[in-house]
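All remarks here apply to the structure that follows.
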Amino acid sequence: MFSTLSDPFLRVAFVTGTVALALTALLLLLTVALRIGLKRREKHALEFTALWRPVLMNALVDPTACALPALRSRDWLNFLKLWNYLQESLRGEATDSLNQVAKRLHGDEQARGLLRRGNRAERLLAILTLGNLRDRESWDDLLASAASRDNIASLNAARALIQIDPMAGVEHLMPLVLARQDWDIARLARMLGDARAAFGLLLSRTIVSLKAHQLLRALQLVEALRLQLPPATLLFLLQRRHQPPAVLAAALRVANGAAVLATVREHLAHADWRVRAQAVHALSRFGEPADLTLLTVRLGDAEWWVRYAAAQALASLPFLGHEGLAALQSTIPDMAARQILAQVSAERGLPSHRN
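Start counting the sequence shown at 328; every next residue gets the next number (my numbering).
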C-alpha cells in the first residue's frame, strides 16, 4: 500500500483527503460545541427569567422596598431584555417603578456603556433601554445614533429622544424626519405619537420654508398623524405658484374646512389628474350642496381615476342620498358617466338607475 504512495499525485490526493476529513471532523465538533453552548445559554436565560420576573413584578408595587437579587455581569443582557419586555408591555406608573429598579441596579450606566462600546445588537438594546429610562445623560449619544446610516438603530434612537423630551426631540429630529427616505412613514407616525402635538406645532411654523421634497414628506406625516393644519397654512400650500402636483395632491389629502373650499374647487380643473382626483376627494369630505354640479362634471373627466373618485364622492354625499344618486344617474346623458356611477353603486350595494 505504502509503495503506491510513492507516486507524487497519489501522495497529494492522500494528504488532501486526510486534511478534508480532519476539517470535516473539526467542523462537526465546532457545530456540536456551538449547539451545546446555545442550549446552555437558553437554559440560563430561562432560569434567569424565572428568578427575576417575579422580582420585577413585585417591584411594581413598591420599587424601593423590594429586595433585589445579586446581578452578575454576564446577566446584564438578560436583565435588560426582560426589563424592556415589561416596559413595552406596561403603561403609566408601572413603567416609572421599573425605572427605579433599573437605576437602583445602575442599569442606566450599563446601557450607556453598551451604547458606546457594544456590538450592534447590544447598542440596539441600549437605545431601547435609555429611551424607556428617559435618560437625559445619553442625549448626545442618541443624537449621534439617530444620524447614523443604520436604519433600525437610527429610527429607534429617534424614538428614544422623543421619549426623553418630545418637544426638544422633534426640534432636533425634524431635518432627519424630512430628509431620510429610509424611515418608513407608518413607523414614524407611531414613533411620533407621543409628540404629535409638538410635531404639528413645529411643522405649522416651518412648513412655509420647506423645499418641495421636504413638503411632500411633511404632508405625508401630517396625514399619517391625522393632524389638522391651520387654514392659513393650507391656503399657502394650495395657492403657491408653481407648486409641484405631488405636493398639491398631498395638501388636498389633508385639506379640511370652509376656509379652503373655494381653492379646492379651483383645483378641479388642474392639468394633473392626481390633483383633480384629490380635489374631488376633498369635496367628498367637506363639500356643500352647491358642489354637486362640479362633481357631476368630473364624471366626464378624461382620466378614469378622476371619474371613479367623482362617483365615489357623489355616493358619499350625505345630502344626496341613495334616491338622489339614482335620479342623478338617470339624468346624465354621458354613457361613461352613467356606467361609473352604476359601478360605484354596485360596489356599495346601492340601487341604481336601470337603462
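Every residue, glycine too, gets a C-beta built ideally from N, C-alpha and C.
For residue i, tell me which candidate among the options has the shortest Cα-Cα distance.
i      : options                           : result
Leu537 : Leu619, Phe563, Arg517 and Glu550 : Phe563
Arg507 : His540, Gly527, Ala573 and Arg532 : His540
Glu615 : His594, Gly419, Asp423 and Leu588 : Leu588
Arg275 : Ile659, Ser481, Leu647 and Arg461 : Residue 275 lies beyond the stretch modelled for the chain, which goes from 328 to 682, so this question has no answer here.
Leu519 : Glu498, Pro335, Pro381 and Arg580 : Glu498
Ala429 : Thr590, Leu460 and Ile534         : Leu460
Asn405 : Ala394, Ala360, Leu565 and Thr456 : Thr456
Ala617 : Arg592, Leu357, Val339 and Lys366 : Arg592
Leu556 : Leu530, Arg675 and Asp468         : Leu530
Leu548 : Ile454, Arg517 and Arg338         : Arg517
Arg665 : Arg568, Arg675 and Ala638         : Ala638
Thr284 : Val602, Trp600 and Leu595         : Nothing about residue 284 can be reported from this structure: the residues present for the chain run from 328 to 682 only.
Leu425 : Ala524, Leu407, Ala397 and Ala386 : Ala386
Pro502 : Ala473, Ala513 and Leu668         : Ala473
Ala397 : Val388, Leu409, Leu407 and Trp379 : Trp379
Cys393 : Leu482, Arg431, Lys408 and Ala471 : Arg431
Val581 : Leu554, Pro571 and Ala604         : Leu554
Pro571 : Arg450, Gln427, Arg601 and Ala360 : Arg601
Tyr635 : Phe646, Ala654 and Ala669         : Ala669
Leu409 : Ala377, Asp423, Gln427 and Asp468 : Ala377
Ile454 : Trp466, Leu353 and Ala484         : Ala484
Ala585 : Ala609, Ala604, Val359 and Arg603 : Ala609
Below 8 Å on the Cβ atoms is my guess for residue i versus residue j; work out the distance and round it to an integer in Å.
i      : j      : result
Leu552 : Ala577 : Their Cβ separation, rounded to whole angstroms, is 13 Å, which puts Leu552 and Ala577 out of contact at 8 Å.
Ile479 : Ala522 : Actually they are not in contact, since the Cβ atoms of Ile479 and Ala522 sit about 20 Å apart, beyond 8 Å.
Arg439 : Glu464 : 7 Å
Leu652 : Ala642 : 6 Å
Asp462 : Asp435 : 5 Å
Leu482 : Leu452 : Leu482 to Leu452, Cβ: 15 Å. No contact.
Leu647 : Leu619 : 7 Å
Leu579 : Gln605 : 4 Å
How would you call residue i, buried or exposed, if buried means at least 16 neighbouring beta carbons within 10 angstroms?
i      : result
Asn446 : exposed
Tyr412 : exposed
Asp511 : exposed
Ile363 : exposed
Leu505 : buried
Pro390 : buried
Gly458 : buried
Gln566 : exposed
Leu383 : buried
Val400 : Just to set this straight, residue 400 is Ser in the shown sequence, not Val. Classification for Ser400: exposed.
Thr560 : buried
Ser657 : exposed
Thr590 : buried
Gly496 : buried
Asp661 : exposed
Gly569 : Checking the sequence shown, residue 569 turns out to be His, not Gly. Label assigned to His569: exposed.
Phe341 : exposed
Ser672 : buried
Ser416 : exposed
Arg367 : exposed
Arg532 : exposed
Asp509 : exposed
Gly527 : buried
For chain D, check one thing: does any of its Cβ atoms lie closer than 8 Å to the Cβ of residue i?
i      : result
Arg592 : This model lacks chain D altogether, as it is built from one protein chain only.
Please give me, in chain order, every unbroken run of the alpha helix (DSSP H) with length at least 4 that falls completely inside the region 524 to 566.
You should have 539 to 552 and 558 to 566.
For the region 371 to 449, list the alpha helix (DSSP H) runs that are entirely contained and at least 4 residues long, ordered along the chain.
Runs found: 403 to 416, 420 to 431 and 434 to 444.
Where in the region 578 to 610 do unbroken runs of the alpha helix (DSSP H), each at least 4 residues long, occur, reported from the N-terminal end onward?
588 to 593, all fully within the region 578 to 610.
At what residue ranges does the region 602 to 652 contain a whole run of the alpha helix (DSSP H), taking only runs of 4 or more?
You should have 619 to 625 and 631 to 643.
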